[in-house]
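Numbering (this note's numbering), first residue to last: 1426 to 1914.
Structure, as structure tokens:
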Ligand code: NAI
Ligand code: MG
């Protein structure tokens, strides 16, 4: 049940299975984006706290530790138990998420189910992380082992706080790594409830640590830490670049990055327009447009362009914006003042550059960070709104003539996270899917993300793939062992 008065029980750092104050004693406010008011003061970690968390993680990862002695299948049971506890506390988790992030409660429920599915998927991988025996030249007996990469630093964003935590925690446990995770400063709360569940699940102390705090301080301490052997980041391309540099300048820790996007969705002229417009609408407006793989460039065939724009405008006009705790609401506030201001400035630039504003474009009310669902048509490739990640409820509709032209324009971006095509023509769907430079391609659907399938970006949308079998590899080293045999046989 939706409950805006959900109790905020946990506000401290989580290190070595205990909730502790920051060494500095500092706290920072977490803001409710629907009202702009403070929900709670949260412990603010920085370098000293990251050092403590890394020390706890190191102890948990030591040879012969309780954790290292667990059978792989036992780690699977821990993940399964964690999934059960997320399911049990689904209402608490979803309410904290709705309160802190501003997404509608029902959407937050959906996110928690995504966490449950992720934990269960990776639970199955624990005892299937097999190496190989290799028929090498020279007669030695050679085999490979998949080993945990070690102490992992994980930095996550605010758009899907719990789901991103699940995407980070699940492969940590599945591969036998240990983690120090920093949630986004906008959304520190739900992760702390998850920490409490990790203790209840029986995950040994030091395996999962959560240090809230700001990017340059707590995040920076993670990325440059000499004992962290891998950093996994989800967030902006700008910060991804900083992280890759910090990793290189410190200990060359391994880096995986899931960054921004400007994903194209190509709508061919053989579609049923109302159905196609609905898919394109959800592709763009999901999570208030705060989605790395949102379909923000809607390329529409010239033959159906006007009708499609009219239908898209109608859908945006009807989208209900309001309190995250109102069951009929589809869109809550943007996450914070900074993001809200940035989105409004993109809308202004769209108007200035001559895109046709069909609907929306304004702030709603004067409290909280609500923005009208906005549709621009007649957008051209060189406009700012067609190039930059807006991360808000803004759809840009562009006109095209041929599939080849659409492919070329779809690829004319520095990003490459996702792409989609709507058509009943199988050949066109396959030509597009092969040619588009994107980590995920969706045909006649969008945002079809599952824990079973790899997810990540081409080009400046990232490095590496999360989820699926590749999601295990991100957290593993491969060791080759060669044994000389006395006789060659
Ligand atoms: P951000 O990339 O600054 O923040 C993401 C995470 O990185 C947060 O936990 C933050 O504290 C941390 N961080 C920031 N600076 C850091 C540093 N120097 N070292 C280590 N960690 C650092 O994203 P922000 O500022 O919240 O949003 C800016 C834009 O980034 C958005 O408008 C959107 O375009 C994009 N973004 C993309 C996301 C995605 O899912 N790919 C998620 C969030 C934002
Ligand atoms: Mg930032």
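Glycine included, C-beta positions come from ideal geometry on N, C-alpha and C.
In this text, all values refer to a predicted model and were calculated from it rather than measured experimentally.
- Query: Per the contact definition of three or more C-beta pairs closer than 8 Å, is the region 1522-1534 in contact with the region 1548-1567?
  - Reply: No, they do not touch.
- Query: What is the residue span of the alpha helix (DSSP H) that residue 1699 lies within?
  - Reply: Element bounds for residue 1699: 1698-1710.
- Going by the C-beta, is residue 1637 closer than 6 Å to any heavy atom of ligand 1? Residue 1637 has its CB no nearer than 6 Å to any heavy atom of ligand 1.
- Message: Considering just the uninterrupted stretch of the beta strand (DSSP E) at residue 1923, what are its terminal residues?
- Response: There is no way to answer for residue 1923, as the model of the chain reaches only from 1426 to 1914.
- Task: Compute the Euclidean distance between the alpha carbons of residue 1500 and residue 1855, then round it to the nearest angstrom.
- Result: Answer to the nearest angstrom: the Cα atoms are 40 Å apart.
- Message: Does the distance between the C-beta of residue 1641 and the nearest non-hydrogen atom of ligand 1 fall short of 6 Å?
- Response: Checking every heavy atom of ligand 1 against the Cβ of residue 1641, one is found closer than 6 Å.
- Check residue 1715 in the structure and name its three-state DSSP category. When DSSP states are grouped into helix, strand and coil, residue 1715 belongs to the coil group.
- Message: Considering only heavy atoms of ligand 1, does any lie closer than 6 Å to the CB of residue 1664?
- Response: Correct: residue 1664 has its Cβ closer than 6 Å to ligand 1.
- Message: Could you give the first and the last residue of the continuous beta strand (DSSP E) run that contains residue 1867?
- Response: Start and end: 1865-1868.
- Task: Report the residue from 1693, 1800, 1774 whose alpha carbon sits nearest the alpha carbon of residue 1737.
- Result: Nearest of 1693, 1800, 1774 to residue 1737, Cα basis: 1800.
- Taking 8 Å as the threshold, find out whether the region 1595-1615 comes into contact with the region 1629-1638 through three or more Cβ pairs. Touching, per the Cβ criterion.
- Message: For residue 1798, tell me which candidate among 1497, 1616, 1769 has the shortest Cα-Cα distance.
- Response: Nearest of 1497, 1616, 1769 to residue 1798, Cα basis: 1769.
- Message: Following a CB-centred definition, is residue 1421 positioned closer than 6 Å to any heavy atom of ligand 1?
- Response: For residue 1421 there is no data in the structure shown, the boundaries of the chain being 1426 and 1914.
- Query: Around the Cβ of residue 1535, are there at least 16 other Cβ atoms within 10 angstroms (buried) or fewer (exposed)?
  - Reply: Exposed.
- N-terminal and C-terminal residue of the beta strand (DSSP E) that residue 1726 is part of: Residue 1726: member of the beta strand (DSSP E) spanning 1720-1726, first to last residue.
- Validate contact between the region 1653-1660 and the region 1679-1688 using beta carbons, cut 8 Å, 3 pairs: Using a C-beta cut-off of 8 Å, the region 1653-1660 makes contact with the region 1679-1688, since at least three inter-stretch Cβ pairs fall below that distance.
- Item | Cα-Cα separation, residue 1592 to residue 1910 | Between residue 1592 and residue 1910, the C-alpha separation is close to 43 Å.
- Query: Any heavy atom of ligand 1 closer than 6 Å to the Cβ of residue 1880?
  - Reply: It does not: the Cβ of residue 1880 is nowhere closer than 6 Å to a heavy atom of ligand 1.
- Message: For the alpha helix (DSSP H) containing residue 1896, name the first residue and the last one.
- Response: From DSSP, the alpha helix (DSSP H) with residue 1896 extends over 1893-1898.
- Please work out which residues of its chain come closer than 6 Å, Cβ to Cβ, to residue 1477, disregarding the five sequence neighbours upstream and downstream, and give them in chain order. 1440.
- Query: Are the region 1688-1699 and the region 1846-1853 touching by the rule of at least three beta carbon pairs closer than 8 Å?
  - Reply: Cβ pair count under 8 Å is three or more, so yes.
- Beta-bridge pairing of residue 1887 - partner residues as DSSP gives them: BP columns for residue 1887 point to 1683.
- Query: Is it true that the CB of residue 1569 sits closer than 7 Å to the CB of residue 1553?
  - Reply: No.
- Query: Under the rule that 16 or more other beta-carbon atoms within 10 Å means buried, what is residue 1549, buried or exposed?
  - Reply: Under this definition residue 1549 is an exposed residue.
- Report the rounded CA-to-CA distance for residue 1727 versus residue 1814, giving the unit in angstroms. Spanning the two alpha carbons is a distance of roughly 25 Å.
- Message: So, for residue 1506: in the same chain, excluding its five sequence neighbours on each side, which residues have a beta-carbon less than 6 Å away from its beta-carbon?
- Response: Closer than 6 Å at the Cβ level, and outside the excluded window around residue 1506, lie 1626.
- In the structure shown, what three-state DSSP assignment does residue 1628 receive? Residue 1628 sits in coil when the DSSP states are folded into three classes, being neither helix nor strand.
- Backbone CA spacing between residue 1547 and residue 1896 [nearest angstrom]: Cα atoms of residue 1547 and residue 1896: separation of roughly 9 Å, rounded to the nearest angstrom.
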